[in-house]
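J.: Would you mind keeping the following structure in view while I ask a few things?
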Amino acid sequence: MDKYSQIVILGIGAGIIARLYMLRNDYRSYPSYPHGYVTHISLGVIAASLASLAIPALLEKEFTAVTFLVLAAQQFREIRNMERETLTKLEEYALVARGLDYIEGIAKVFEARNYLVMLVSLTTTGFAILFGLLIGALAGLITIFLSGFLMGGEFVRDIAIVKPGKLHFQNSLLMVDNIVIMNVGLKNAREKILREGIGVVIHPKDDNARATLNNLGQRQAILHDVSVLVGNKLETGEPDWTPLMRKDIDTGKLGLFVLPNEKDIECVIEAIYRTPVLESAVQKPLASKVGRKAAD
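Using numbering that gives the first Met the number 0, the letters of the sequence shown correspond one by one to residues 0 to 295.
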């Protein structure tokens, strides 16, 4: 295996660079600093090492070494379960929860990025063996950028248009345009909501978007991201300040109410646009003949 030492080192290096490239710590505070970084990078090193050794092991007829790839895949699935359980427990103390669908999406990403690291290392070592170290490094670099593309996804801005809505009361019913949000009994609470609250209306672009936004997990993800990005004045035992979203059952558009820390409607709209579309929420009725006919 000594003749493959440089190739293996190149593959491991490319895999580690890929994991660092895919590492994100944004407003969702995931992974957390610093312990989350250690976990992510450590698993990236393991994934890169196993993948880099796979092809040289096959060439040397060390077939038992390749079985470690299967063990690694099993371990990554266990890590996914661990992340799901951890984030689910943290939900108990969140004023505006992520929701189970959002958590499942994060857990899937955690697992998938390790597989992308393995893909980068396998590609790098494979091309290095066939065409030399320079070509292997170039192939690894291309695969790293490709992995960045693969880990991307849609956002709400891709499926909906968000417009300001009129926040008003009909007797004690809080409304955004013609969409009923909730009942607010106290006069002081109604005055504060009208003075400091923001209402917007989310218009689906088509029936696929309408079906996706109809998912409760997707709605909860939007409420969570808005609350994180623009803040909210929700406090325990104060249900009148709870960010809420309700649907117009006739059109499918959604009315959203939030009492932010700063009354800036442009920031609220941008926060909604930045919310990712959850894989578990995606619906595509227009992909079927029946769905297209029903949409006519």
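C-beta atoms are modelled at their ideal positions from N, C-alpha and C, and glycine is treated no differently.
For SER146, which residues from the same chain have a beta carbon less than 7 Å from its beta carbon, with the 5 sequence-adjacent residues on both sides left out?
T.: The answer, listed in chain order, is ALA17, MET21, LEU115, LEU118 and VAL119.
J.: For LEU89, which option in ILE102, ILE141 and GLY131 has the closest C-alpha, if you only look at C-alpha atoms?
T.: The candidate whose alpha carbon is nearest that of LEU89 is ILE102.
J.: In the DSSP assignment, find the unbroken alpha helix (DSSP H) run with ILE160 in it and report its ends.
T.: Note, ILE160: premise wrong, no alpha helix (DSSP H); beta strand (DSSP E) at 159-163.
J.: Determine, using beta carbons only, whether LEU49 comes closer than 9 Å to chain C.
T.: In the displayed structure, chain C is absent; only one protein chain is listed.
J.: Quick one: what's got a C-beta closer than 8 Å to ALA208's C-beta in the same chain, skipping five residues either side?
T.: ILE158 and ALA159, listed in sequence order.
J.: Over the uninterrupted beta strand (DSSP E) stretch that includes GLN169, give me the two end residues.
T.: Looking at the DSSP string, the run of the beta strand (DSSP E) that includes GLN169 is 166-169.
J.: Rounded to whole angstroms, what's the CA-CA distance from VAL95 to SER171? Just pull it up for me.
T.: If I take the Cα positions, the gap works out to 24 Å.
J.: Check whether the Cβ atoms of LEU255 and GLN217 lie closer than 9 Å to each other.
T.: Contact flag unset, no.
J.: Could you check where the beta strand (DSSP E) with ARG245 kicks off and where it finishes?
T.: Unbroken beta strand (DSSP E) run through ARG245: 243-246.
J.: Tell me, please, whether the region 259-277 touches the region 197-216 by the rule of three or more beta-carbon pairs shorter than 8 Å.
T.: The region 259-277 vs the region 197-216: in contact.
J.: Relative to the alpha-carbon of LEU215, which residue among ILE192, ALA93, GLN5 and LEU99 has its alpha-carbon at the smallest distance?
T.: Comparing Cα positions, the closest option is LEU99.
J.: Let's see if you can read the secondary structure: which residues bound the beta strand (DSSP E) around MET150?
T.: MET150 -> no beta strand (DSSP E), and no H or E assigned at all.
J.: Between the region 69-85 and the region 104-113, are three or more C-beta pairs nearer than 8 Å?
T.: The answer is yes - the region 104-113 touches the region 69-85, with three or more Cβ pairs under 8 Å.
J.: Any idea if PHE75 is buried or exposed, counting beta-carbon neighbours within 10 angstroms, 16 or more meaning buried?
T.: Looking at its Cβ environment, which holds 16 or more other Cβ atoms inside 10 Å, PHE75 is buried.
J.: For the alpha helix (DSSP H) that contains GLY14, what are its first and last residues?
T.: Here the alpha helix (DSSP H) through GLY14 covers 4-21.
J.: So GLY12 and ASN113 are in contact, right, with Cβ under 8 Å, and what is the actual spacing, rounded?
T.: Not confirmed; about 17 Å, so no contact.
J.: Looking at the unbroken alpha helix (DSSP H) that takes in LEU253, where does it start and where does it end?
T.: Element bounds for LEU253: not the alpha helix (DSSP H) but the beta strand (DSSP E), 253-257.
J.: Among residues of its own chain, excluding the 5 on either side of ASN182, which ones have a beta-carbon nearer than 7 Å to its beta-carbon?
T.: Closer than 7 Å at Cβ, skipping near neighbours: SER171 and LEU172.
J.: In the DSSP assignment, find the unbroken beta strand (DSSP E) run with GLY198 in it and report its ends.
T.: Run containing GLY198: 197-203, per the beta strand (DSSP E) assignment.
J.: Return the CA-CA distance between ASP224 and VAL155, expressed in angstroms with no decimal places.
T.: For ASP224 and VAL155, the distance between alpha carbons rounds to 11 Å.
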